[in-house]
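In the UniProt record's numbering, the protein residues as written are 1 to 83.
All residues carry an ideal CB built from backbone N, CA and C; glycine is no exception.
Note that the structure is a prediction, hence the values are computed from the model and not measured.
Step one of this worksheet: look at the structure below.
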């Protein structure tokens, strides 16, 4: 609720200065449920998806590096056979 008060205060000030505020900052045009859905679609979900994918990628990269290290360690420590 505080964020809307801030948005609408800014919109009121912009109107007093002769400007046309963004819809979300105009108390006469703003639809709070739409603002909330837009925020979820444009900010919250992309940030969540980015963090999730980044975490998955880094964990996968770490696992691959660890497996590669184990494989190399095994190959280097295994006794060599003369053919």
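**Message:** Our contact map puts residue 25 next to residue 8 with C-beta atoms below 8 Å; I'd like the distance itself, whole angstroms only.
**Reply:** Residue numbering aside, residue 25 sits at position 25 when the chain shown is read from its first letter. Residue numbering aside, residue 8 sits at position 8 when the chain shown is read from its first letter. So it is a contact: roughly 7 Å between Cβ atoms.
**Item:** C-alpha distance - residue 63 paired with residue 51, whole-angstrom precision
**Value:** Counted from its first residue, the chain shown places residue 63 at position 63. Counted from its first residue, the chain shown places residue 51 at position 51. When rounded, the distance between both Cα atoms is 18 Å.
**Prompt:** Out of curiosity, what's the CA-to-CA distance linking residue 5 and residue 44?
**Reply:** In the chain shown, the residue the question calls residue 5 occupies position 5. In the chain shown, the residue the question calls residue 44 occupies position 44. Residue 5 and residue 44: Cα-Cα distance of roughly 21 Å.
**Cβ neighbours of residue 27 in the same chain (closer than 8 Å, five flanking residues each side left out)** = Counting from 1 along the chain shown, the entry for residue 27 is found at position 27. The answer, listed in chain order, is 8, 11 and 12.
**Message:** Please classify residue 33 as buried or exposed, where buried requires at least 16 other C-beta atoms within 10 Å of its C-beta.
**Reply:** Counting from 1 along the chain shown, the entry for residue 33 is found at position 33. When all chains shown are included, residue 33 counts as exposed.
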